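Heads up: the structure comes next, in structure tokens.
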Amino acid sequence: MADASYTTPAGEYDTQLGDYFALLKPRVMSLVVFTALVGLLAAPVSVHPVITFSSILFVAIGAGASGALNMWWDADIDAVMRRTAKRPIPSGRVPAGEALSLGLALSGLSVMMLGLSANLLAAGLLAFTIFFYAVIYSMWLKRSTPQNIVIGGAAGAFPPVIGWVIATGSFSVEAWLMFALIFMWTPPHFWALALFMKSDYDDADVPMLTVTHGRRATRAHVLGYTLPLVVLAVGTGFTAIGGPLYLAAAIVLNALFLKGAFDIWRRDETQAEADAYRVEKKFFRLSLWYLFAHFGMILIEAMLRPFGMGGW
Numbered sequence: 018m019a020d021a022s023y024t025t026p027a028g029e030y031d032t033q034l035g036d037y038f039a040l041l042k043p044r045v046m047s048l049v050v051f052t053a054l055v056g057l058l059a060a061p062v063s064v065h066p067v068i069t070f071s072s073i074l075f076v077a078i079g080a081g082a083s084g085a086l087n088m089w090w091d092a093d094i095d096a097v098m099r100r101t102a103k104r105p106i107p108s109g110r111v112p113a114g115e116a117l118s119l120g121l122a123l124s125g126l127s128v129m130m131l132g133l134s135a136n137l138l139a140a141g142l143l144a145f146t147i148f149f150y151a152v153i154y155s156m157w158l159k160r161s162t163p164q165n166i167v168i169g170g171a172a173g174a175f176p177p178v179i180g181w182v183i184a185t186g187s188f189s190v191e192a193w194l195m196f197a198l199i200f201m202w203t204p205p206h207f208w209a210l211a212l213f214m215k216s217d218y219d220d221a222d223v224p225m226l227t228v229t230h231g232r233r234a235t236r237a238h239v240l241g242y243t244l245p246l247v248v249l250a251v252g253t254g255f256t257a258i259g260g261p262l263y264l265a266a267a268i269v270l271n272a273l274f275l276k277g278a279f280d281i282w283r284r285d286e287t288q289a290e291a292d293a294y295r296v297e298k299k300f301f302r303l304s305l306w307y308l309f310a311h312f313g314m315i316l317i318e319a320m321l322r323p324f325g326m327g328g329w
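Here it is as structure tokens:
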């Protein structure tokens with residue numbers, strides 16, 4: 018772990034199966050599975066259901082491996098922050114060494130099996146994604162730069178590209194559009210969270226934008242990143258993975274998202290504290306639905322396309 022002085026809370030471990038599952042970050046894993054599946058099904062190539070199921074399973078295992086490695090490395094700061102203090106390692110339910118072993122074992126298993134079930138390019142991209150999240154983001158960027166969320170967002174943006182590569186064995190503009198959608202969504206999503214988590218990142222000495230540049234600058238950055246995201250998200254509606262249904266949903270969603278970002282930008286801390294960060298929390302909740310809905314509409318367009326109904 019990064020902080021050599023950190024030790025797992027003393028006492029006998031009473032580890033349950035659910036604790037090991039929690040190490041895999043199931044909420045993050047579910048998003049990875051969904052976006053990877055959309056990437057696979059949106060590709061202009063049909064994939065055998067058995068290959069689809071097994072490949073997405075191994076992508077999910079790879080995502081879980083990343084989560085376990087991240088929790089092992091971040092156990093010291095997780096123990097400080099209210100949002101993460103009850104995670105398996107800082108709460109003393111799982112030894113840090115077991116989390117590391119689990120993460121490494123699942124990493125090797127997922128990459129090897131994806132290579133066998135799909136193709137080597139997809140396996141290589143999964144390996145790079147695990148490395149990027151565990152090493153580039155967790156071990157380096159997160160504790161060294163306020164751009165941690167911006168650059169580190171690439172790790173969460175790779176799954177739909179992996180799904181596309183599973184199906185086609187190659188990259189394409191459409192795959193990178195899905196990557197860009199997640200990549201541009203990540204900063205405003207996490208900065209909104211940082212605004213209403215108050216002192217967590219300060220206490221953990223994590224250089225989140227709220228800590229290094231202040232809350233006023235963070236509010237401006239939320240709006241600044243939302244503007245190109247809106248252009249990208251709506252523009253995707255006119256591409257091969259878009260269509261009229263996607264476009265209609267994107268226009269509504271992005272109007273709401275842009276309004277939310279503008280509302281965050283024009284507020285100050287006095288106003289935010291007065292209503293317990295109601296606007297920031299509302300924007301954060303919307304951001305969760307925002308990504309799910311965009312990828313859901315990409316999936317619907319893809320499912321309708323064989324019947325001559327999806328796409329343009």
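Counting in my numbering, the sequence shown runs from 18 upward without gaps.
From the three backbone atoms N, C-alpha and C, an ideal C-beta is built for every residue, glycine too.
Here the structure is a predicted model, which means the values were calculated and not measured.
Determine the extent of the alpha helix (DSSP H) in which residue i is found, giving its start and end residues.
{"i": "H311", "result": "R295 to L321"}
{"i": "G169", "result": "N165 to A174"}
{"i": "S72", "result": "P66 to W90"}
{"i": "S47", "result": "P43 to A59"}
{"i": "A151", "result": "Run containing A151: none; DSSP gives neither H nor E here."}
{"i": "A221", "result": "D217 to A221"}
Residue i by DSSP, collapsed to three states: which one?
{"i": "G254", "result": "helix"}
{"i": "A21", "result": "With a pLDDT of only 46 at A21, under the threshold of 50, the placement of this residue in the model should not be trusted; the figure read from the coordinates follows. It is coil, neither helix nor strand."}
{"i": "A192", "result": "helix"}
{"i": "G260", "result": "coil"}
{"i": "G328", "result": "coil"}
{"i": "T146", "result": "helix"}
{"i": "V228", "result": "helix"}
{"i": "L126", "result": "helix"}
{"i": "P204", "result": "helix"}
{"i": "T32", "result": "coil"}
{"i": "K276", "result": "helix"}
{"i": "R284", "result": "coil"}
{"i": "A27", "result": "Confidence is the limiting factor: at A27 the pLDDT is only 49, short of 50, which leaves the residue's position unreliable, though a coordinate-based value still follows. Coil."}
{"i": "D292", "result": "coil"}
{"i": "R99", "result": "coil"}
{"i": "T162", "result": "coil"}
{"i": "N271", "result": "helix"}
{"i": "A135", "result": "coil"}
Taking residue i as the reference, give the member of the options with the closest Cα.
{"i": "P105", "options": "D31, F279 and H238", "result": "D31"}
{"i": "L270", "options": "A289, F255 and L308", "result": "L308"}
{"i": "L40", "options": "L316, A113 and P204", "result": "A113"}
{"i": "L142", "options": "D219, M214, A53 and D280", "result": "A53"}
{"i": "M314", "options": "W157, I268 and P204", "result": "I268"}
{"i": "V128", "options": "D217, A139 and K299", "result": "A139"}
{"i": "H206", "options": "K276, A144, A278 and F301", "result": "F301"}
{"i": "F196", "options": "A122, G325, V64 and G170", "result": "G170"}
{"i": "G120", "options": "M130, G81, L131 and A211", "result": "G81"}
{"i": "E286", "options": "P323, G328, G231 and R322", "result": "G231"}
{"i": "A192", "options": "A96, M201 and G180", "result": "G180"}
{"i": "G327", "options": "L198, I68 and L264", "result": "L264"}
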